[in-house]
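> Mind looking over this structure? Questions follow.
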Amino acid sequence: MTLAEKAYVSLRKDIVEGCFAPESPLRLADLSERYGMGFSPLREALNRLQAERLVTAESLRGFRVSARSLAEFEDALQARLLVETEALRLSIAKGDDAWEAKVVATLYALRQQTKREGGDVDELKTRHHAFHRSLLAACGSDWLLDFFERLYAATERYRIPALTAAGPQKRDIDAEHGAIAEAVLARDTTAAEALLREHYLRTAVTIRHGMSAT
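So that you can map any letter, position 71 of the sequence shown is 71 in the UniProt record's numbering, and since no number is skipped, the others follow by simple counting.
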């Protein structure tokens, strides 16, 4: 991994997880001190993040974290639903035994991490992402998977602070994941799409509530 790639991964993670407040400036000198890198790889990373709409650039003022708004969240959510339901439909149609095994394995890994009291939160986030990506992995479209990654990050910027503020959830999210996987493995496209959509819309309710309360 090059320095620019390391800078991109680190910055992207910190922006998505809320380490930098929305609209806060991203000064190269500060970032260089934080990540121990020179300006060049950091600037390249910021340009990539601007293309993903996680960062904005202002003439003569440099970069800053993109703002958050309910309208922007709703836009990202609807785009994510469009992309993922289509990718899921294609995966169910094209997926082989190896794909099914990957779905089962990532669901198992996510459940194991969820059970661990005081477990590594970063590992939980990694396994959650891996499960959702596995559902779409057999779609056969690099573009759809790229859009998935961008929209996943865009909505995580809203999901993480909202769920943290909301505290323990009354939802059985593990059961929701299990139901989605079961429908996928049964090749029930209609049920799988409906369950995935419902899963995201339930999370959206929590996000909307959190944003309206601030």
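The C-beta atom is built at its ideal place from N, Cα and C for all residues, glycine as well.
Given the structure is predicted, the values throughout are model-derived calculations rather than measurements.
To the nearest angstrom, how far is the alpha carbon of Ile207 from that of Leu31?
Taking the sequence shown and counting its residues from 1, the one referred to as residue 207 is at position 207. Taking the sequence shown and counting its residues from 1, the one referred to as residue 31 is at position 31. Taking the straight line from one Cα to the other gives about 29 Å.
> Taking C-alpha atoms, which residue in Ser69, Gly18, Leu90, Val9 lies nearest to Glu193?
The residue labelled residue 193 in the question sits at position 193 within the sequence shown. Comparing Cα positions, the closest option is Leu90.
> Alpha carbon to alpha carbon, how far is Ala191 from Leu81?
What you label residue 191 is simply residue 191 of the sequence shown in a count that begins at 1. What you label residue 81 is simply residue 81 of the sequence shown in a count that begins at 1. Using only the alpha carbons, I get a separation of about 15 Å.
> State buried or exposed for Leu196, treating a residue as buried only when at least 16 other CB atoms are found within 10 Å of its CB.
As a working mapping, residue 196 is identified with position 196 in the sequence shown. With 16 or more Cβ atoms within 10 Å of its Cβ, Leu196 is classed as buried.
> Looking at the strands, I want to know which residues DSSP matches up with Glu84.
By 1-based counting over the sequence shown, the position of residue 84 is 84. None; Glu84 has no bridge partner.
> What residue does the alpha helix (DSSP H) around Ala138 start on, and which one ends it?
Here residue 138 corresponds to residue number 138 of the sequence shown, with the count starting at 1. Neither: Ala138 is in no alpha helix (DSSP H) and is coded neither H nor E.
> Since Leu46 and Leu70 should fall inside the 8 Å C-beta cutoff, what is the C-beta to C-beta distance between them, to a whole number of angstroms?
Walking along the sequence shown from the start, residue 46 turns up at place 46. Walking along the sequence shown from the start, residue 70 turns up at place 70. Not quite, the Cβ-Cβ distance comes to about 26 Å (not below 8 Å), so this is no contact.
> Closer than 8 Å, CB to CB, is Ala98 near chain D or not?
No chain D is part of this structure, which consists of one protein chain only.
> Flag this pair as touching only if the region 72-88 and the region 134-145 have three or more C-beta atom pairs under 8 Å; answer yes or no.
Segments in contact, yes.
> Run the CB neighbour count on Arg64, radius 10 Å, all protein chains shown included, and call it buried at 16 or more, exposed below.
Your numbering for residue 64 matches position 64 in the sequence shown. Flag for Arg64 reads buried.
> Tell me the rounded alpha-carbon separation between Glu58 and Gln50.
On the sequence shown, residue 58 is found 58 positions in, with the first residue counted as 1. On the sequence shown, residue 50 is found 50 positions in, with the first residue counted as 1. In a straight line, the C-alpha of Glu58 is about 11 Å away from that of Gln50.
> I'd like to know whether the C-beta atoms of Ala204 and Leu151 end up nearer to each other than 8 Å.
Translated into positions along the sequence shown, residue 204 becomes position 204. Translated into positions along the sequence shown, residue 151 becomes position 151. Cβ atoms of Ala204 and Leu151: not closer than 8 Å.
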